[in-house]
Amino acid sequence: MAEQIKQKIDLNRVTHSVRAAQAVLQYGVGAMVDFPDQTLVTAAPEYWSGYSKIYDDRFAKALGVDWFALPTNIAYSRFPEWYFCPKCRTFQPLKDWIAQYKAKAHPRLIENDPHMTQHMQCPKCKQDLVVARIVTVCENGHLNDFPWVKWVHAKAKKPICAHPELKFKTGASATEGLEGLSVSCACGASTTLKGAFDKDAFEKADADGDMSIFRCEGGHPFRHSKEECGCYPRTVQRGASSVYFPVVYSSLVIPPYADKLNAKIESSKAFEDCITIINDEDDEEDKLAVIKKKLSKWVERIALEIGASISDVEKILTRKWLEPTSGEIDVTGVEYRIEEYLALSGELESPTQSLGDFLRESIDIREYGIPHVKSVSLIEKVRVVNALIGFSRLNPIMNREDRGFVSIKEPKTRWYPAYEVRGEGIFIEFNQEEIDSWIASYPSINERVQRIADNYRKSFIGQNHPRTITPKFVMLHTLSHLLISQLSFECGYSIASLSERLYCSEADDGKNMAGIFIYTASGDSEGTLGGLVRQGRPDTLPQIFKKAIKNAKVCSNDPVCIMSRGQGRDSLNLAACYACGLLPETCCEERNGFWDRGVIVGTYDEPQSGFWKELL
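Okay, so the sequence shown: first residue is 7 according to my numbering, each after it adds one.
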């Protein structure tokens, strides 16, 4: 509502709050949040009044922003706008309820709660109002109220009256379904919600009435705006999972960005003052001119505040502000992951004593005795930044280029909502030559993976985001799941507190990578227990490896599981189910897809084809 946009209304911080990680994930910008007394939509970051900055130069440059922010005071928008009274059954939008409230309520109550945010009650019946349970969404990411007035009059084949007065009633029996939910107007028009959830419900309604009134209204409640949209929306339950699919990117803070001095500079008062001066300039060329002109003075001021050498501070600030960038890049692509791979494997040299957020220990691989493993790196310190950049509705998407992506911020906004996790992890690198030899020796492996690739190509995501699915990738992903399950059992971490990061590519992609990184992904105290790194040492990791492989040999759902030709989301798995290794989706980079025990331990028909058959 326009009058509420201009005036910010404080809500109860106890009952109307979410955790920082939730504000980036399931309750991020554009998502509906069910609070005890009302349902709200998380507003765009431009409306937030409180946040703390998070810096990761590499990640920020890749996404075209200056920093990230952890929310401390989130803004919300009131949506859905339609509410009904459970006693008198009056059904109308908030603006009408508020008008009645202001006409009947005591002046002191109106003064304390002018927009009826604290006490959402029917002014006549004194009953708590109930929000509409259904909304409409479209494949372009729009969210709107169900067209109640249009629906009741179109179905009753009556013209829309000048002053609609709706009543919402429910049937006496719970078995009546949608036919038991009726909407009527004072003009005599009446109908039920039968057929409202059909895929082409609104298209049929327009065709039956020879009109065009049910097309999407193009609503974005999170930014209080509407735009043109020509498609027909779908009716969904307010709490349906298809209403909101967040697009969250993550990045490891690696050297040289993990330097202790880098963190000291970013936390200094002088640095914040510099950022403010830079952001006062709208034009990029003007920003660059200001930086070049004042850099030497800024360097001296920051160096004096934090007690560092001028040359070291100048080097870091030059890298931050003056090094040319190639523009926004795909943070999910191979190019971005190569830098992390080099840091995790130790190919990227850096002075260990200067690193604050990244600490790596390499151990002689000969101490492990695990076949096919090239190296093991114990990452004793790691910082992971998770940023929300947008969302989609109805269908999940992979990146910003996919159809239906909605950016959560305006182009001029120089930050994304994010949260960071400090933890530990184990990085395992595998022998590429032995993987290639295995693939060449067993054609059946290629046939199994090809089934997954074909199923992916037919899926919605596959049609919009084509990719190559290789036996190496499926093997690495399956092994990652098996190890996470076993590590959780051995070291005491909950499975949900662990996550994976896959590094898989070929030489043609710029780097031949074959590695997995398992790390603590929980933002609470579990992320600092130290138990994960301990399990990666030579006296424990080989046993964990063997147990993980042996446990994959048999599933409680066998032979159905091992003989499957496609199961799970879009049939993107073969021998894979929750009884043998699928994880909470917060742990998995691929939403529990591309998984097959057959490439690990072999199949009934060809048991010797498993890559890890030596450990059985």
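Glycine is no exception: its CB is placed at the ideal position from the N, C-alpha and C atoms.
- When the alpha-carbon of Glu-234 is set against those of Asn-437, Ser-351, Ile-403, His-148, the nearest one is in His-148.
- For the 8 Å CB-CB criterion, Lys-130 and Cys-94 form a contact.
- Pairing Gln-243 with Arg-139 gives a Cβ-Cβ distance under 8 Å.
- Within a 10 Å sphere around the beta-carbon of Ala-213 sit fewer than 16 other beta-carbons, which makes this residue exposed.
- Of the residues Lys-556, Phe-466, Ile-371, the one whose Cα lies closest to the Cα of Asp-545 is Ile-371.
- When DSSP states are grouped into helix, strand and coil, Cys-191 belongs to the strand group.
- Counting C-beta atoms within 10 angstroms of its own C-beta, Gln-98 has 16 or more neighbours from the protein chains shown and is therefore classed as buried.
- Counted as a single uninterrupted DSSP element, the alpha helix (DSSP H) harbouring Ile-490 occupies residues 477-497.
- DSSP places Pro-227 in the helix class (H, G or I) of the three-state scheme.
- In the structure shown, Lys-200 falls within a coil segment according to DSSP collapsed to helix, strand and coil.
- For Asn-79, no alpha helix (DSSP H) run applies; the uninterrupted beta strand (DSSP E) run containing it begins and ends at 73-79, by DSSP.
- Short of 7 Å from the beta carbon of Asp-408, and not among the five residues preceding or following it, lie these beta carbons of its own chain, in chain order: Asn-470, His-471.
- About 4 Å separates the beta carbons of Ala-75 and Tyr-57, which is inside the 8 Å limit, making them a contact pair.
- Closest option to Trp-444, judged by alpha-carbon separation, among Met-404, Thr-197, Gly-608, Asp-43: Gly-608.
- Counting C-beta pairs with one atom in each stretch, the region 252-267 and the region 378-392 have three or more that are closer than 8 Å, which means they touch.
- Boundaries of the alpha helix (DSSP H) around Asn-268: 266-272.
- Bounds of any beta strand (DSSP E) do not take in Ile-166, whose DSSP letter is neither H nor E.
- Per DSSP, reduced to three states, the secondary structure at Asp-514 is helical.
- Assigned with DSSP and collapsed to three states, Asn-285 falls in helix.
- Inter-segment contact for the region 323-330 and the region 477-493 is absent: fewer than three beta-carbon pairs are separated by less than 8 Å.
- In the DSSP secondary-structure assignment, Tyr-509 is bridged to Gly-521.
- Tyr-462 sits close to Asp-576, with the two beta carbons spaced by under 8 Å.
- When DSSP states are grouped into helix, strand and coil, Ile-308 belongs to the helix group.
- One thing to note: Thr-476 has its Cβ no nearer than 8 Å to the Cβ of Ser-503.
- Pro-165 is positioned such that its CB atom lies no closer than 8 Å to that of Ile-414.
- According to the DSSP secondary-structure assignment, Arg-543 is paired through a beta bridge with no residue.
- Close CB contacts of Gly-36 within its chain, under the 6 Å cut and outside five residues either way in sequence, are with Phe-228, Phe-397 (chain order).
- Looking only at Ile-116, Val-296, Glu-87, Met-519, the smallest Cα-Cα distance to Phe-152 is reached by Glu-87.
- For the 8 Å CB-CB criterion, Val-480 and Val-605 form a contact.
- As the crow flies, the alpha-carbon of Lys-552 is around 32 Å from that of Tyr-342.
- Linking Val-412 to Asn-146 through their CA atoms gives a straight-line distance of about 8 Å.
- Residues Cys-567, Ala-585, Cys-586 of the same chain have their beta carbon placed closer than 6 Å to that of Cys-561, with the five preceding and five following residues left out of the count.
- For Val-337, the secondary structure class from DSSP, reduced to helix, strand or coil, is coil.
- For Asn-598, the secondary structure class from DSSP, reduced to helix, strand or coil, is coil.
- Judged by DSSP in its simplified three-state form, Gln-133 adopts coil rather than helix or strand.
- Only residues of its own chain outside the window of five on either side were considered, and among them Gln-438, Ser-511, Glu-512 have a CB closer than 8 Å to the CB of Asn-518, listed in chain order.
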